[in-house]
Every structure is written in structure tokens, then in C-alpha cells.
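S.K.: Following the working numbering, the numbering of the sequence shown begins with 155 at its first residue and continues without gaps. One structure follows; several queries about it will come next.
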Amino acid sequence: MNAAKRYEIFRRLHDDDPNPTTELAYSTPFELLIAVILSAQATDVGVNKATAKLYPVANTPETIYALGVDGLSEYIKTIGLYNSKARNVIETCRILIEKHGSEVPDNREDLEALPGVGRKTANVVLNTAFRQPTMAVDTHIFRVSNRTGIAPGKNVLEVEKKLLKFVPKEFLLDAHHWLILHGRYVCVARKPRCGACRIEDLCEYKAKTSDD
């Protein structure tokens with residue numbers, strides 16, 4: 155795909171949604187961090203339902219840590235893998251309190267040192283909470299990048315690097331959100347809704363559908 159096509163794709167996505175953001179509910183970097191840890195192999199809707207009950211009771215490292223694994227599990231037991239996630243969150247809270255003054259780090263190294271935080275989670279926090287130009291490649295972004303031809307790659311790291319290289323600089327900060335939303339609602343996994351797609355004429359996917 156050439157640069158002119160890529161530019162037009164992101165220009166249209168920007169025009170349709172000038173201020174995209176995560177669908178996870180949060181009001182502080184810490185709330186976002188915990189929500190993203192909980193969202194692994196779970197839906198944002200499911201996570202939001204759990205945190206809507208949790209955050210009014212505990213939404214700081216100290217208050218969540220005070221719940222303990224068993225106490226936290228009661229709030230997040232509707233989310234998949236909740237036992238291991240509860241352990242990760244409690245340990246993350248401990249490290250934030252002891253090493254970071256209860257503040258969420260704004261750098262990749264310290265974020266990835268937290269239990270339950272991998273490269274993708276760190277990228278979400280860096281981009282969404284701290285407005286750094288990172289690219290959190292999930293299944294939606296991986297699919298859209300390969301299917302459209304925007305940034306094809308064999309694995310998520312390859313796609314991430316290509317997106318950082320190829321996405322026009324003026325759109326880089328919000329590109330992660332546009333691509334996720336596009337993959338979640340239009341360029342869906344089983345049968346993309348090409349008939350309802352704003353970038354269908356620019357997309358290089360060979361097996362386009364007529365579905366809208």
C-alpha cells in the first residue's frame with residue numbers, strides 16, 4: 155500500500171471520529187491500568203460492569219491492595235481468568251505503592267515489570283493515559299492491518315513496528331483507537347462489513363463482501 159492511500163484512510167477515520175478513545179471506563183491512569191489488565195481475553199463491556207462496582211469502593215493502589223486477592227476476586231469474578239488477574243492486580247498494587255509512590259509509571263520498562271502487564275497493555279496505558287505515540291496491537295488491529303494492507307506482518311510486533319513507521323505522523327497518536335474500533339465494528343473477523351466501510355475503495359483486501 156502506498157503512502158497516499160494510507161494518508162487518505164486515516165484522514166477519513168479522523169474525520170468520522172476526531173477524538174477516539176478506549177471503550178474501557180476509567181478516570182485516572184491507575185483505573186485505566188487495572189481495567190486493561192482485567193481486559194485480557196475479556197470484553198470491555200464485561201470489564202466495565204465489574205469496575206463499575208469495584209471503583210466506587212476501591213480505585214487506588216492502597217484501597218485495592220487492602221481488599222486482598224479474595225476480596226478483589228468477589229468484584230471481578232464475572233471476568234475470565236479472574237483468579238490469576240486478582241493475584242496480578244494485588245501484586246501490581248504492592249509494587250506501585252512500594253516502588254512508585256502509588257503512581258502509574260509513564261515508561262515502558264517500569265510498566266512491563268508489573269505483573270499482568272505485557273507490551274500491549276503497556277502500549278495502551280502509554281498511549282491513552284500519557285498520550286505517547288505507541289501502537290497496542292490486539293487481534294482487531296492485527297487483522298485490520300493485514301487484511302487492508304495498511305501494515306501487513308506475521309506477528310504483532312512486526313505489525314506494531316510497521317504501523318509506527320507507516321501511519322502518517324499527524325494521525326499516529328490516535329491511530330490505535332481508530333483501528334481497534336474499525337476492527338471491532340466494521341472489519342469484523344468472520345465476515346467484514348465491506349458495504350458499510352468508509353475505506354472500502356482504499357482497502358486492498360481481495361475477498362470483499364457486499365454486507366453492510
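Where is the CB? At the ideal position from N, CA and C, for every residue including glycine.
(1) Work out the CA separation of valine 199 and aspartate 292 for me, nearest whole Å.
(2) For isoleucine 304 and valine 298, what's the separation of their Cα atoms in angstroms?
(3) For the alpha helix (DSSP H) holding histidine 336, just list the boundary residues, first then last.
(4) At the level of alpha carbons, what is the spacing between serine 364 and proline 259?
(5) Among the candidates Val321, Lys319, Ile295 and Pro322, whose CA atom is the shortest distance from the CA of asparagine 309?
(6) Excluding five sequence neighbours on each side, which residues of the same chain lie with their C-beta closer than 8 Å to the C-beta of aspartate 170?
(7) Using the beta-carbon count (16 or more within 10 Å), is arginine 285 buried or exposed?
(8) Sorted by chain position, which residues of the same chain lie with C-beta nearer than 8 Å to serine 227's C-beta, five sequence neighbours on each side aside?
(9) Give the list of continuous alpha helix (DSSP H) stretches no shorter than 4 residues that lie fully inside the region 163-202.
(10) Report the residue from Arg248, Val201 and Ala189 whose alpha carbon sits nearest the alpha carbon of threonine 117.
(11) Confirm, please, whether the CB-CB distance from lysine 362 to cysteine 348 is below 8 Å.
(12) How many Å lie between tyrosine 359 and threonine 214 at the Cα?
(13) Identify whether isoleucine 218 lies in helix, strand or coil by the three-state DSSP scheme.
(14) Who are the near neighbours of arginine 338 in its chain, counting only those whose CB is closer than 7 Å to its CB and skipping five residues on each side?
M.R.: Quick look at the numbers:
(1) 16 Å
(2) 8 Å
(3) 326-339
(4) 46 Å
(5) The shortest C-alpha separation from asparagine 309 is found at Ile295.
(6) Arg352
(7) With fewer than 16 other Cβ atoms from the protein chains shown falling within 10 Å of its own Cβ, arginine 285 counts as exposed.
(8) Tyr236, Asn237 and Ala240
(9) Along the region 163-202, the alpha helix (DSSP H) occurs as fully enclosed runs of 4 or more residues at 183-192, listed in sequence order.
(10) Missing from the structure shown is residue 117; the chain here goes from 155 to 366 and no further.
(11) yes
(12) 45 Å
(13) Note: isoleucine 218 maps to helix in three-state DSSP.
(14) His294
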